[in-house]
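Read through the structure below, which is laid out as structure tokens, and then see the notes.
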Amino acid sequence: MLAAAALCLSANVQAGDGGKNKKAKADPPKKFIDPANMDKSVKPSDNFFEYANGGWLKANEIPAKETRWGSFNILNDDNKKKLQGIVTEVSAKTNAPKGSIEQRVGDLYASGMDTMAIEKRSYTPIQADLQRIDAIQNLDGVINEIVFERVNALGSPLFSFGVRQDSKNPTKYIVGFGQGGTSLPDRDYYLKSDARTKRIQDAYKQYIVDLFTLTGSNAETAAKNAATIWGIESKLAEAQMTRVAMRDPNKTYNKFATPALAKTTPHLNWVEILPKLKVGTPDSVLVSSPSFLTTADGLLASVPVEDWKTYLKWGILRGSAGSLSSPFVKSQFKFSSVLSGQQVQAPRYERMTGLVDGSLGELLGQLYVAKYFTPAAKAYMVGLVNNLKVTLGERIQRLDWMTADTKARAMKKLNAFTVKIGYTDKWETYNGLSIDRNDYFGNLRRINVWSYNDMVSRLGKPVDKTEWGMTPPTVNAYYSPVNNEIVFPAGILQFPFFDFKADDAINYGGIGAVIGHEMTHGFDDQGRQYDADGTLRDWWKKEDADKFKSRADLVVNQYNAFTVLDTVHVNGKLTLGENLADLGGLSVAYDAFKKTKQGKSNTKIDGFTPDQRFFLSWAQVWRGKKRPEASMQQIMTDPHSPEQFRTNAPITNMDAWYKAFNIQPGNKMYKKPEERIKIW
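First residue of the sequence shown? That's 1 in the UniProt record's numbering, and the numbers climb one at a time after it.
What follows is the structure, given as structure tokens:
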């Protein structure tokens, strides 16, 4: 998922005070393309990312509390400050009515900021969990604990589980199982043996030792526990599918009758387990990786019960460490800093603000949009989205590689897009969820239990398509294939993506390209496999699908060639969907821009033509830098390419960029016209 820009009206969606406080002296006019952020010693034809952003990159360091810093982060940081102001204000109101938005938002934040109480409790909030695990005597006890932890939202040991939409019948919810049971971000962290990975493995084992030591284990026992956990998780990692393999929605769609699934896992009797998980005994379930479940089941029998008890304790410790006293929090950060390169932990108030947004997002979100999001911004986005939809439709109709029948189905899908802008029209009330100002850890447990019960309660009910997958302040956007919808939270509808006062080139190169990006996700390597109703169903003629795949392979090869760290390359297959969406989204946004008055003109602003400003706006959206550790983690786990390649790669396939900046044969970024990739 990703996001980008829009048009211009006359209201300010960025005012940190809601526009109420007037300054005595007016701010100077904003330079939407600021030459100070550029590096004109670099030719645009050699490295457009550096040309557009080099001045900013040289002048800005990554803050110690961040792993990366750029346009997204700056806007996200600004939104955090707005949210911080809101939670600080409502938390000061100790007399808000019980159950009200202000009471629950304010008291959750206040409980997280009560460090004296948190320090005093140390790890007592999880002592009962550790004691319960200690009492396990056999394999049945291990399995019962796994179920207990699920239902009580204490963790997710061994496998993943949830209630989700059935992608081949998206109007229905279905129970689904998947791979899981590991702690590190990806299976490769367990399986690789290079120096970078070895350093992370050693730090992870030390992290295990540290947390067990903090709960009273001696050094020898803690080290033995670390070896046990590493052994179990490594075996689970070996059984997991790769992230690239998981991109195929048909490979991960495996429907089983419940009794039939139980026969494949003799120690996990799903006929008995599912009712305990509060989903009854459904006729059928989905399994993303049947071989993983078989391996996990086999491990239950081959690994000693005492080792499983250690593994289960680790799950409790790892999942709770960040919510306990400072020694646990510091140990958690010490390990995470090895993974990400982050130098210092973000201030507690910032972390707690993020926790409130992540836990009660649609309560806090109501307070946010009331103060910072205008109806005018939503109305403008509606118009812009419609413009982009028409433009994408025109591009589909002009495709020279797709037959008429498949084009008609593609148009049907495009016309069926649902568009969500700003925030939901049906706020979640979190009915029944109680928040106590004096019980931080208890609040977190109650929130998790409420979320679990809310999830399982959906089974048998109609799918609620009013739901959002992001909170209003989020600086991002997404496309949902099963709902065939594109979603743009209020948080991203700000500069550099969007500004009412900006010219069309800025808004189309920013939020316009983001809108186009999300639309193109409906037709990327994954999204194209879902039809207009969101059903995983092949609607393509084989000859058209083959042509799509051959063109997509060219994109894979283009990105595979990019080097990130010494010998580490971008994974073109993992990032294919996002790369296709970047190329398609920017192309659609450019065509839509050319329909505007400015797009039809050649009038310069601050020395740049309209087309030049369009591409410079695109580049400044991806302005940013990151720590080497964060870059490495991104390559292994993130389906998005690094920022410099998101800037440079799509434009090398667009004739308009060559014309705008007079790119000629022999220039470093030049591609022959016949080699420029055109898909959507």
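Glycine residues also receive a C-beta, built at the ideal position from the N, C-alpha and C atoms.
Query	Result
Residue closest to phenylalanine 226, alpha-carbon to alpha-carbon, out of Asp210, His517, Leu236 and Thr215	Reading off the sequence shown, one finds alanine at residue 226, where the question assumed phenylalanine. It is Asp210.
Opposing strand residues paired with threonine 221 [DSSP bridges]	DSSP output for threonine 221 lists no bridge partner at all.
Neighbourhood of lysine 309 by C-beta, 8 Å cutoff - its chain only, sequence neighbours within 5 removed	Ile133, Asp134, Ile136 and Val142
Where valine 287 sits in the DSSP three-state scheme	strand
Beta-carbon separation (whole angstroms), proline 639 vs leucine 574, contact threshold 8 Å	6 Å
Alpha carbon of proline 282 to alpha carbon of methionine 116, nearest angstrom	47 Å
Distance between aspartate 107 and alanine 96 (C-alpha atoms, nearest Å)	10 Å
Complete runs of the beta strand (DSSP E) confined to the region 237-302 [at least 3 residues]	255-257 and 284-287
Glycine 99 (DSSP reduced to helix, strand or coil)	coil
For serine 326, the three-state DSSP class (helix, strand or coil)	helix
Beta strand (DSSP E) segment containing phenylalanine 159, residue limits	159-166
Buried/exposed call for threonine 466, threshold 16 Cβ in 10 Å	exposed
Simplified DSSP assignment, three categories, for histidine 640	coil
Whole-number beta carbon distance between glutamine 620 and asparagine 37, since they are thought to touch under 8 Å	7 Å
Per-residue DSSP class, three states only, for asparagine 21	Only weak support exists for where asparagine 21 lies, its pLDDT of 38 falling under 50; the coordinates are left without a value.
Top-ranked residue by Cα proximity to asparagine 169, from Val285, Asn60, Lys81 and Thr88	Val285
Coil, strand or helix - lysine 334 by DSSP	helix
Residues sharing a beta bridge with threonine 474, DSSP	BP columns for threonine 474 are empty, so no partner.
CB of asparagine 484 within 7 Å of CB of alanine 416, strictly	yes
Straight-line Cα distance separating alanine 545 from tryptophan 680	13 Å
Backbone CA spacing between leucine 367 and arginine 104 [nearest angstrom]	12 Å
Nearest residue (CA-CA) to serine 217, options Asn152, Trp314, Asn387 and Asn648	Trp314
Three-pair Cβ contact test at 8 Å for the region 520-536 versus the region 377-385	no
N- and C-terminal bounds of the beta strand (DSSP E) containing asparagine 169	169-179
Cβ-based burial, threonine 124 [other Cβ within 10 Å; buried from 16]	exposed
Cβ neighbours of asparagine 560 in the same chain (closer than 7 Å, five flanking residues each side left out)	His569, Val570 and Gly572
Classification of arginine 199 by the beta-carbon crowding that lies within 10 angstroms, buried from 16 upward	exposed
Beta-carbon gap between threonine 520 and glycine 584 smaller than 7 Å	yes
Residues that DSSP places opposite glycine 341 in a beta bridge	BP columns for glycine 341 are empty, so no partner.
Chain-order list of residues whose beta-carbon lies under 6 Å from that of asparagine 431 (same chain, five-residue window excluded)	none
Cβ pair tyrosine 423, valine 369 closer than 7 Å	yes
Separation of asparagine 73 from phenylalanine 498, as counted between CA atoms	15 Å
Start-to-end residues for the beta strand (DSSP E) that takes in lysine 625	624-626
Of the residues Ala110, Ala245 and Glu145, the one placed nearest valine 90, counting alpha carbons only	Ala110
Short Cβ contact (7 Å threshold) for glycine 341 with threonine 67	yes
Closest Cα partner of glycine 393 within the set Gln343, Phe292 and Gly516	Gly516
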